[in-house]
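Undergrad: Residue 240 is where the sequence shown starts when you use our numbering, and the numbers rise one by one after that. Glycine is no exception: its CB is placed at the ideal position from the N, C-alpha and C atoms. My structure is below; once you've seen it, I'll send some questions.
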Amino acid sequence: MKIIHIFIRDLGGELQANTLLDAARSLGEGVPERTSNLYSDYFVASGLAPVRVRVRREEALVARVPVFMDVFMKIYSYGVLLVEYSLETTTIPENLSALFKAREIELPGPRIMDLEQLMGLDIEWAQRTLSKWLQNSYEAPAFTDKFHLFIDSESRDEDDAMQILLPGDESYSDSMKRRIVKRIEPAEENDRFFIMGNRGYLSSVIDPHDVVNFLELSRVQLHELKVFDYMLDRGIENTYNFLDKIPRHDKFLPLSWLSKDFQNQVNEVFKLTEMRMDLVDLVKDITNTSKVTSDPYFEILYRELNKIFHIDEWFQSVREKVDELEDIQRMILSRIDIFKSTTLEMTVIILILIEIIIPFAYLIIDYFRH
Numbered sequence: 240m241k242i243i244h245i246f247i248r249d250l251g252g253e254l255q256a257n258t259l260l261d262a263a264r265s266l267g268e269g270v271p272e273r274t275s276n277l278y279s280d281y282f283v284a285s286g287l288a289p290v291r292v293r294v295r296r297e298e299a300l301v302a303r304v305p306v307f308m309d310v311f312m313k314i315y316s317y318g319v320l321l322v323e324y325s326l327e328t329t330t331i332p333e334n335l336s337a338l339f340k341a342r343e344i345e346l347p348g349p350r351i352m353d354l355e356q357l358m359g360l361d362i363e364w365a366q367r368t369l370s371k372w373l374q375n376s377y378e379a380p381a382f383t384d385k386f387h388l389f390i391d392s393e394s395r396d397e398d399d400a401m402q403i404l405l406p407g408d409e410s411y412s413d414s415m416k417r418r419i420v421k422r423i424e425p426a427e428e429n430d431r432f433f434i435m436g437n438r439g440y441l442s443s444v445i446d447p448h449d450v451v452n453f454l455e456l457s458r459v460q461l462h463e464l465k466v467f468d469y470m471l472d473r474g475i476e477n478t479y480n481f482l483d484k485i486p487r488h489d490k491f492l493p494l495s496w497l498s499k500d501f502q503n504q505v506n507e508v509f510k511l512t513e514m515r516m517d518l519v520d521l522v523k524d525i526t527n528t529s530k531v532t533s534d535p536y537f538e539i540l541y542r543e544l545n546k547i548f549h550i551d552e553w554f555q556s557v558r559e560k561v562d563e564l565e566d567i568q569r570m571i572l573s574r575i576d577i578f579k580s581t582t583l584e585m586t587v588i589i590l591i592l593i594e595i596i597i598p599f600a601y602l603i604i605d606y607f608r609h
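So this is what it looks like as structure tokens:
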């Protein structure tokens, strides 16, 4: 029996595929995963597969139950950190539900820490450690994705499994919770895989860690899409603020629109649009199930997880906002072209006038001289 608490945070930059292993080793000891055999050749060759390390192992008490707590971290080349707290008991406690719901950990010392407080310290340390490896930095939001998974060591009927999964902080009844629980098609008849919100119950004859890895990958995609959506919202808001500063009436000679300040603001819009589109293309690659794995069962599993976590809806939201930025970009480019054309036309007119006026000026000067 095992309980896994998963936390995901965007690092605010990208990690190069050729230095990903070195960056991971700066956090802890590398842990080879059998799941890597399930990843497709494309997924591995393109540097999209994560690297997992063990940071530490501690003895602790959770809900007065002795546990071994292993702290693992995964890093992804597109700048995501996943922290995994794996709690394993040596005996089966009486109240499994209380153990799964508990969020306080008593560590040696003794120190009693809230799980989120512990996560915050670990993520802060990891971000400092990985900062020298990050490239193409950007200001990422500080929100964190969370998921809690109960991995059962025995096969239980659905009612018993629900007794472990359902208790939580929600105010509505267990009967209502049962109606919103998502069930994933099991590998075998007696397998159980239920998800409700940000927690789940898993009992399977296949290696549960394989399932966990695809679950984590799907949650990473969900988190990144939320990050992209948030950043695109800010980008669009900043772009509209910029457009609000544009005068409603054009000047006769719009040379001011060719100023360095104006060009810098426009270049910033282009840079934001290009960066967001690159990130969306990356997500599109790794949310394609045929690119992530060639295993038929895990391809179905990954697709089901993405459906439960509404990956497609978030991806569509991101794409729509990228399209909106592209429309704004085209509008700004159009205005720049108009102003450039107008400036050129006015310059030509002025030159023509000069060519016409100068001969008359010479005639007038000669007239007064004589």
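(1) What are the partner residues of Met352, as DSSP defines its beta bridges?
(2) Does the segment 257-277 come within contact of the segment 298-306, defined as at least 3 CB pairs closer than 8 Å?
(3) Which value, in whole angstroms, describes the spacing of the CA atoms of Ile419 and Arg395?
(4) Is the CB-CB distance between Ser442 and Asp391 below 7 Å?
(5) Look at the Cβ atom of Arg291, then the Cβ atom of Val310, and state whether they are nearer than 7 Å.
(6) For the alpha helix (DSSP H) that Val466 lies in, which residues bound it at each end?
(7) Pick out whichever of Leu320, Asp468 and Tyr377 has its Cα sitting closest to the Cα of Glu552.
(8) Please state whether DSSP places Glu297 in a helix, a strand or coil.
(9) Going by alpha carbons, who is nearest to Glu253 out of Gly286, Leu388 and Asp534?
(10) Do three or more CB pairs link the segment 314-334 to the segment 357-377 at distances below 8 Å?
(11) Can you confirm whether Val322, when its beta carbon is compared against all beta carbons of chain D, has any partner nearer than 7 Å?
(12) So Arg248 and Val270 are supposed to be a Cβ contact under 8 Å. How far apart are they, rounded?
(13) Check for me: the beta strand (DSSP E) holding Asp249 runs from which residue to which?
(14) In angstroms, rounded to a whole number, what distance separates the CA positions of Ser376 and Gly318?
(15) In whole angstroms, what separates the C-alpha of Asp384 from that of His462?
(16) Count the other CB atoms, across all protein chains shown, that sit within 10 Å of the CB of Gly474; report buried if there are 16 or more and exposed otherwise.
(17) What does a CB cutoff of less than 6 Å around Ile567 pick up in its chain, not counting 5 residues either side in sequence?
(18) Suppose you measure from the CA of Val466 to the CA of Arg431; what does that come to, to the nearest Å?
(19) Tell me, to the nearest whole angstrom, how far the beta carbon of Lys371 is from that of Leu471; I am working on the premise that it is less than 8 Å.
(20) Residues in its own chain within less than 7 Å of Phe453 by CB, not counting five upstream and five downstream?
(21) According to DSSP, is Ile314 part of a helix, a strand, or is it coil?
TA: On the basis of the supplied data:
(1) Ile344
(2) no
(3) 20 Å
(4) yes
(5) no
(6) Pro447 to Asp483
(7) Asp468
(8) strand
(9) Closest in C-alpha terms to Glu253, from the list Gly286, Leu388 and Asp534, comes Gly286.
(10) Segments in contact, yes.
(11) You won't find chain D in this structure, because it holds only one protein chain.
(12) Rounded, the Cβ-Cβ distance is 20 Å, inconsistent with contact.
(13) Start and end: Lys241 to Asp249.
(14) 9 Å
(15) 6 Å
(16) Flag for Gly474 reads buried.
(17) Answer for Ile567: Thr478, listed in chain order.
(18) Between the alpha carbons of Val466 and Arg431 lies a distance of about 31 Å.
(19) The distance from the Cβ of Lys371 to that of Leu471 is about 28 Å, inconsistent with a contact at the 8 Å cut-off.
(20) Apart from the 5 residues on each side of it in sequence, Phe453 sits with its Cβ closer than 7 Å to the Cβ of Phe537, Leu540, Tyr541 and Leu544 in its chain, given in chain order.
(21) Of the three classes helix, strand and coil, the one that applies to Ile314 here is strand, per DSSP.
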